[in-house]
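Shown next, in structure tokens, is the structure this report addresses.
In the UniProt record's numbering, the protein residues as written are 1 to 188.
Listed below in structure tokens is the structure:
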């Protein structure tokens, strides 16, 4: 995987592209920084997916984008809109991106311990860690579900719009055929 280098530190391409996308003022109608400059909002999910995701990530899958944000520790700030934040993702502070790293898979959130360490530690702490990790995973799954639900809703809306347009085109074609048939009969 090719990584960008910022001040000698290699950065994941996802973070660099995401920062550039949010920072690009020409795309503010689709995605922009919030007034506080410590989070960003995706204003039009469907145009964002079809225009910007394709341009920056060569795909238009919004739920995959949200999943990537989750993997890098971004959290959804507002349940009513697509607003995301990460403590190290701040306008004008690109050098902080080096502080963002991929989160471990849920199984590896709790570090493995040797038999001696397990005996010395009270089992409650380990169980608390597991429960905390599970709750975090539940929250991530909820965010993924929300993204998928919204994507499904948008796809259904797009399908309905397409079907309406197709029906209208069929009616127009039928009317034109009738006009041609009537016009052809008059000439004879």
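Ideal Cβ positions, reconstructed from N, Cα and C, are used throughout, including at glycine.
A residue is called buried when at least 16 other Cβ atoms come within 10 angstroms of its Cβ; residue 29 does not meet this threshold and is exposed. Contiguous beta strand (DSSP E) elements confined to the segment 19-62 occur at 31-33, 39-42, taking only those with 3 or more residues. Residue 86 and residue 74 have their C-alpha atoms spaced approximately 5 angstroms apart. Residue state for residue 10 is assigned as strand, using DSSP reduced to three classes. Two segments are said to touch when three or more pairs of C-beta atoms, one from each, lie closer than 8 angstroms; by this definition the segment 88-99 does not touch the segment 145-159. Under DSSP, residue 85 takes part in a beta bridge, and its partners are 39, 75. The three-state secondary structure of residue 80, taken from DSSP, is coil. In this structure, 52 is the residue among 36, 12, 52 with its C-alpha nearest to the C-alpha of residue 26. By the neighbour-count definition (other C-beta atoms within 10 Å, threshold 16), residue 97 is a buried residue. In the three-state reduction of the DSSP assignment, residue 177 falls in the helix class. In its chain, beyond the 5 residues on either side, 37 have a beta carbon closer than 8 angstroms to the beta carbon of residue 92. In the structure shown, residue 101 adopts coil according to DSSP, grouped into three states. For residue 79, the closest alpha carbon among the candidates 58, 54, 65, 139 is that of 139. Take residue 150, set aside five residues on each side of it, and the residues of its chain with a beta-carbon closer than 7 angstroms to its own are 45, in chain order. When secondary structure is reduced to three states using DSSP, residue 131 falls in the helix class.
Under the 10 Å beta carbon count, residue 15 is surrounded by 16 or more other beta carbons and is classified as buried.
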